[in-house]
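Please read the structure below before turning to the comments.
In the working numbering, the protein residues as written are 10 to 209.
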């Protein structure tokens, strides 16, 4: 393995080059956390980043923040197999198919994006928290097998059928404000009886 210095720290050469490419895009050194010569956290929120291709080499990345960016193409993220936390809220993302390969994801924020289909999420069996508030989604069927899901935010969506959630034994928190579900819905009552805190 070869190393290079980046902002005073020794990094794997491929990762140092990736950070330089990002720096060139956004105009300043990105906010990173480095452990054992590799990047484990990267925060690009509120930057002018749009091309994520340089991130493909950050194989040990565990947390990535891309909130409030112009990012629309997330296909380079499919290589980040160690990613645990991903923030994409308030970005231009509409297709999340590449995320289906991120099997270690625990936390996924897609709020205020242009997504309309949750199908790729069905493969994320380790997901604990999912925020899809204020998106175009309506069908929750892809979530029915997310056995470890504990927190789900559906604020401001066109969701009306909660039946796919009834088998989620670990679900503890559900945000339903501004959806097509009323507080008197029988499915809401059943979820509450199972110990789910439901917020409107």
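Here a beta-carbon is modelled for each residue, glycine too, at the ideal position from N, C-alpha and C.
- For the options 193, 205, 162, the alpha carbon positioned closest to that of residue 180 is the one of 205.
- Distance from the Cα of residue 24 is smallest, within the candidate group 35, 44, 122, for 44.
- Taking C-beta atoms as the reference points, residue 113 and residue 91 count as a pair closer than 7 Å.
- Taken atom to atom, the span from the alpha-carbon of residue 12 to that of residue 46 is near 8 Å.
- In this structure, DSSP gives residue 74 an extended state, which the three-state scheme calls strand.
- Within the same chain, Cβ atoms closer than 6 Å to the Cβ of residue 152 are found at 173, the five residues on either side in sequence being excluded.
- Beta-bridge analysis with DSSP links residue 161 to 139, 183.
- Apart from sequence neighbours up to five positions away, the residues of its chain that approach residue 98 with a beta-carbon distance below 6 Å are 76, 118, 120, 121, ordered along the chain.
- In the displayed model, residue 176 falls within coil according to three-state DSSP, outside both helix and strand.
- Cβ neighbours of residue 79 within its own chain (closer than 6 Å, five residues either side excluded): 59, 101.
- The C-alpha of residue 10 is placed about 7 Å away from the C-alpha of residue 21.
- By the neighbour-count criterion, in which 16 or more other beta carbons inside 10 Å mark a residue as buried, residue 111 falls on the buried side.
- When C-alpha distances from residue 125 are compared across 171, 132, 104, the shortest belongs to 104.
- Across the structure, residue 146 and residue 18 are spaced so that their CA atoms are roughly 43 Å apart.
- A Cβ-Cβ distance of about 7 Å is found for the pair residue 196 and residue 175, placing them in contact under the 8 Å criterion.
- Inter-residue distance for residue 29 and residue 66 is about 12 Å (C-alpha atoms, whole angstroms).
- Taking the C-beta atoms as reference points, residue 115 is found no nearer than 7 Å to residue 131.
- Note: residue 206 is bridge-paired with 182 in the DSSP secondary-structure output.
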